[in-house]
Amino acid sequence: MYTIVVADTKQTTLMPVIKRKIKPDSFVYTDSYRSYNALDVSEFKHFRVNHSKEFTCGKNNHINGIENFWNQSKRTLRKYNGIDKKNFHLFLKECEFRFNYGSPSNQLKFLRKWCDI
Numbered sequence: 002m003y004t005i006v007v008a009d010t011k012q013t014t015l016m017p018v019i020k021r022k023i024k025p026d027s028f029v030y031t032d033s034y035r036s037y038n039a040l041d042v043s044e045f046k047h048f049r050v051n052h053s054k055e056f057t058c059g060k061n062n063h064i065n066g067i068e069n070f071w072n073q074s075k076r077t078l079r080k081y082n083g084i085d086k087k088n089f090h091l092f093l094k095e096c097e098f099r100f101n102y103g104s105p106s107n108q109l110k111f112l113r114k115w116c117d118i
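First residue of the sequence shown? That's 2 in the working numbering, and the numbers climb one at a time after it.
As structure tokens, then:
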């Protein structure tokens, strides 16, 4: 999972971030949000999950991982009763770390490894 705070969700804002982080010819699964329309004619293989019609896009292709990430993140961030906008990116990166490295014991293992402890 990779997260970044963006100013808005316009196509002109999202596409440069997507192109910077995803390799050409990668499979990209999204919901039906209109800002992803440019992916249809990009160097990616784009598939949409239309939640009003279906749960998956083809056989076992879905966006549950990202939905799970946002559910966990919202639950974590709610505890703070508001976060200063200038520090939000740090809180978001903490959520990203916790999601990517799983259990607290696994997170601690990676932190120790990175810090040579």
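Beta carbons are placed, not taken as given, at the ideal position from N, Cα and C, and that holds for glycine. The structure displayed is predicted, hence computed values, not measured ones.
For residue i, the first and last residue of its enclosing alpha helix (DSSP H)
i	result
Thr77	Asn65 to Arg79
Ile21	Residue identity differs from the one stated: residue 21 is Arg in this sequence, not Ile. Arg21 -> alpha helix (DSSP H) spans Gln12 to Lys22.
Ser104	Here Ser104 belongs to no alpha helix (DSSP H), and DSSP marks it neither H nor E.
Endpoints, the beta strand (DSSP E) within which residue i is located
i	result
Lys87	It is not in any beta strand (DSSP E) - Lys87 carries neither H nor E in the DSSP assignment.
Arg49	Lys46 to Arg49
Cβ-based burial, residue i [other Cβ within 10 Å; buried from 16]
i	result
Met14	Residue identity check: residue 14 is Thr in the sequence provided, not Met. Per the 10 Å Cβ criterion, exposed.
Arg49	buried
Leu91	exposed
Phe28	exposed
Thr10	exposed
Ser74	buried
Tyr3	exposed
Leu112	exposed
Per DSSP, cross-strand counterpart(s) of residue i
i	result
Thr31	Arg49
Per-residue DSSP class, three states only, for residue i
i	result
Ala8	coil
Tyr3	coil
Ser43	coil
Cys96	helix
Asn38	helix
When the options are compared against residue i, the one with the closest alpha-carbon
i	options	result
Arg99	Lys87, Asn82 and Leu78	Leu78
Glu97	Ile67, Gln12 and Asp85	Ile67
Asn101	Lys11, Phe70 and Arg113	Phe70
Tyr30	Asn107, Val18 and Asn51	Asn51
Residue i beta carbon near the ligand ZN (any heavy atom closer than 7 Å)
i	result
Asp32	The ligand ZN is not part of the structure shown, which contains no ligands of any sort.
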